[in-house]
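Visitor: Below is one structure. I have some questions about it.
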Amino acid sequence: HASDCPPEVDFLTATVDVQRGGQRAPGRLYYLVTGWNGTDGRSYDLAWGHLILAPIGVQPTTGELHSGLDRMAALMTGLAAEWGRPLARRGVDVGDRQDELRLWLTKHPDWWAIKGAAGTIRPDLKASIGFDLGGTIYRREQQERNGRWWLYIIDTDPCRREAQAAFRVPPGKAGAAHLPKDLVVADTLLRHYCATCEIPDGKGGSKWSQRETDRKHHPEYQLRHDLLDCRTYAVALARSYQRELIRKAATPAPAAPAPPAGWVNDFTGGNEWTL
25 HASDCPPEVD FLTATVDVQR GGQRAPGRLY YLVTGWNGTD GRSYDLAWGH LILAPIGVQP
85 TTGELHSGLD RMAALMTGLA AEWGRPLARR GVDVGDRQDE LRLWLTKHPD WWAIKGAAGT
145 IRPDLKASIG FDLGGTIYRR EQQERNGRWW LYIIDTDPCR REAQAAFRVP PGKAGAAHLP
205 KDLVVADTLL RHYCATCEIP DGKGGSKWSQ RETDRKHHPE YQLRHDLLDC RTYAVALARS
265 YQRELIRKAA TPAPAAPAPP AGWVNDFTGG NEWTL
């Protein structure tokens with residue numbers, strides 16, 4: 025599914041969630057492309073869907089997984105070009121099949137390896153204080169036999185909370201999340217977005233619900249909220265990009281190098297300098 029891109033969108037995020045599949049559902053990729061207004065935080069879900077990689081009961085091979093990700097990357101790059109907006113952040117969830125995904129990511133450095141972490145992020149995960157965006161996203165250096173790489177850890181609770189709350193903001197207002205017209209309650213996107221919500225846990229805190237009624241709506245996929253996970257990751261990626269822009273704007277421009285000794289910088293467009 026894809027829609028038009030509103031003129032107020034400044035940049036895009038792309039997120040992919042990997043599902044290995046099993047006896048009840050096929051191995052597949054869920055994807056979401058969201059547009060963001062960098063001034064007031066409005067957002068727009070512009071493209072989403074899923075790609076089946078193998079039949080039910082057959083785990084996708086590494087080649088099938090990589091081929092599917094190649095198709096996702098090409099789709100999102102093409103949409104960004106069609107809409108004329110920068111694809112500022114791209115992330116794929118490596119919570120499952122991490123070694124196979126790393127092989128693909130080494131050839132696609134513009135994609136981030138992301139992983140959700142529910143609850144409070146432990147201090148040992150906060151490996152780069154200069155990069156960390158508290159309550160949103162952190163990164164940790166992974167050291168493995170095939171080299172070092174960054175894993176971007178997303179604090180899912182506050183990001184999911186922000187993602188769902190944005191849909192309750194009146195349309196057009198600062199921070200509001202928007203969906204294309206003509207969606208109906210039965211559409212997969214809305215079912216995923218509403219498959220869980222934060223409720224009291226009876227102990228003075230809260231927890232995320234699991235709606236048992238989703239079993240009758242999704243007998244083949246069972247209690248899915250993968251597109252909501254993609255939306256949750258998109259919030260974190262958008263915030264990290266905006267933080268990067270703020271830091272760049274606050275960094276002084278480097279001073280121009282001094283001319284060589286003995287030369288006078290009175291160049292006026294000709295081909296020679298004067299002593």
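In this note's numbering, the protein residues as written are 25 to 299. Cβ coordinates follow ideal geometry from the N, Cα and C atoms, glycine included. Here the structure is a predicted model, which is why all the values come from computation and not from measurement.
What's the gap between the Cα of A189 and the Cα of A279?
Guide: Taking the straight line joining both Cα atoms gives about 45 Å.
Visitor: Near I76, what residues of its chain come up, given a Cβ to Cβ distance below 6 Å and the 5 sequence neighbours on each side ignored?
Guide: If we look at I76 and ignore the five residues flanking it on each side, its Cβ neighbours are P50 and R52.
Visitor: Give the single residue among G81, Y55 and T63 whose Cα lies nearest to the Cα of D69.
Guide: Checking every option, the nearest Cα to that of D69 belongs to Y55.
Visitor: When the Cβ atoms of the region 99-119 are set against those of the region 253-263, are three or more pairs found closer than 8 Å?
Guide: Contact holds: three or more Cβ-Cβ distances are below 8 Å.
Visitor: Measuring CB to CB, does G196 end up less than 8 Å from G65?
Guide: For G196 and G65, no; Cβs fall outside 8 Å.
Visitor: Kindly indicate which three-state DSSP category Q167 falls into: helix, strand or coil?
Guide: Correct three-state label for Q167: strand.
Visitor: What does the Cβ neighbour count give for R248, buried or exposed, with the cut at 16 atoms within 10 Å?
Guide: Answer is buried; the Cβ neighbour count reaches 16.
Visitor: Ignoring anything shorter than 4 residues or poking outside the region 194-220, list the alpha helix (DSSP H) runs there in chain order.
Guide: Complete alpha helix (DSSP H) runs here, min 4: 212-217.
Visitor: Could you check the C-alpha separation between H242 and A38 for me, to the nearest Å?
Guide: Unreliable placement is indicated for H242, whose pLDDT of 47 sits below 50; the coordinate value is still reported in the next sentence. Cα-Cα distance, rounded: 25 Å.
Visitor: Between the C-alpha atoms of T130 and G87, what's the straight-line distance to the nearest angstrom?
Guide: For T130 and G87, the distance between alpha carbons rounds to 15 Å.
Visitor: I need the boundaries of the beta strand (DSSP E) containing I223, first residue and last residue.
Guide: Run containing I223: E222 to P224, per the beta strand (DSSP E) assignment.
Visitor: If you follow the beta strand (DSSP E) that R114 is part of, which residue opens it and which one closes it?
Guide: It spans L111 to D117 - the beta strand (DSSP E) in which R114 sits, taken as one unbroken run.
Visitor: Can you tell me where the beta strand (DSSP E) holding I76 begins and where it ends?
Guide: First-last of the beta strand (DSSP E) with I76: S67 to I76.
Visitor: Once you ignore the five residues that flank T160 on each side, which residues in its own chain have a CB closer than 8 Å to its CB?
Guide: Here the set comprises I178, D179, P182, C183, V259, A260, R263 and S264.
Visitor: Taking all protein chains shown into account, decide if P79 is buried (16 or more other Cβ within 10 angstroms of its Cβ) or exposed.
Guide: Exposed, because fewer than 16 other Cβ atoms sit within 10 Å of the Cβ of P79.
Visitor: Go through its chain and collect everything with a Cβ distance to Y245's Cβ below 8 Å, but skip five positions before and after it.
Guide: With a pLDDT of 48 at Y245, under the threshold of 50, the predicted position of this residue should be treated as unreliable, though the coordinate-derived value follows. R48 and A49, listed in sequence order.
Visitor: Measure the CB-CB distance between D253 and Q43 and report whether it falls below 8 Å.
Guide: No, the pair does not count as a contact, with Cβ atoms beyond the cut-off.
Visitor: Cutting at 7 Å between CB atoms, please list the residues of its own chain near L157, excluding the five before and the five after it.
Guide: The answer, listed in chain order, is R263, S264 and R267.
Visitor: Express the C-alpha separation of T275 and P204 in angstroms, rounding to a whole number.
Guide: The alpha-carbon atoms of P204 and T275 are separated by roughly 38 Å.
Visitor: Output the boundary residues of the beta strand (DSSP E) element that contains I138.
Guide: Unbroken beta strand (DSSP E) run through I138: W136 to A141.
Visitor: May I have the straight-line CA-CA distance separating L111 from G226, to the nearest angstrom?
Guide: Rounded to whole angstroms, L111 to G226 spans 42 Å at the Cα level.
Visitor: In angstroms with no decimal places, state the Cα-to-Cα distance between D238 and V209.
Guide: Note that D238 scores a pLDDT of 49, beneath 50, so its modelled location is shaky; the value from the coordinates is reported in the next line. Their Cα atoms are separated by approximately 13 Å.
Visitor: Buried or exposed: which applies to H25, given that a residue is buried once 16 or more other Cβ atoms fall within 10 Å of its Cβ?
Guide: Label assigned to H25: exposed.
Visitor: Taking only the alpha-carbon atoms, compute the straight-line gap between G102 and G81 and give it to the nearest angstrom.
Guide: Distance between the alpha carbons of G102 and G81: 32 Å.
Visitor: Would you list the residues sitting across from R52 in a DSSP beta bridge?
Guide: Answer is Q43 and I76, bridged to R52.
Visitor: Once you ignore the five residues that flank L214 on each side, which residues in its own chain have a CB closer than 7 Å to its CB?
Guide: For L214, where only same-chain residues beyond five positions count, the Cβ hits under 7 Å are L207.
Visitor: Per DSSP, G81 is paired with what?
Guide: Its beta-bridge partners do not exist; DSSP assigns none.
Visitor: How would you call S67, buried or exposed, if buried means at least 16 neighbouring beta carbons within 10 angstroms?
Guide: Buried.
Visitor: Given that a residue counts as buried once 16 or more other Cβ atoms are within 10 Å of its Cβ, and exposed if not, what is I153?
Guide: Legend: pLDDT at I153 = 43, less than 50; position of this residue unreliable, value from coordinates given subsequently. Classification for I153: exposed.
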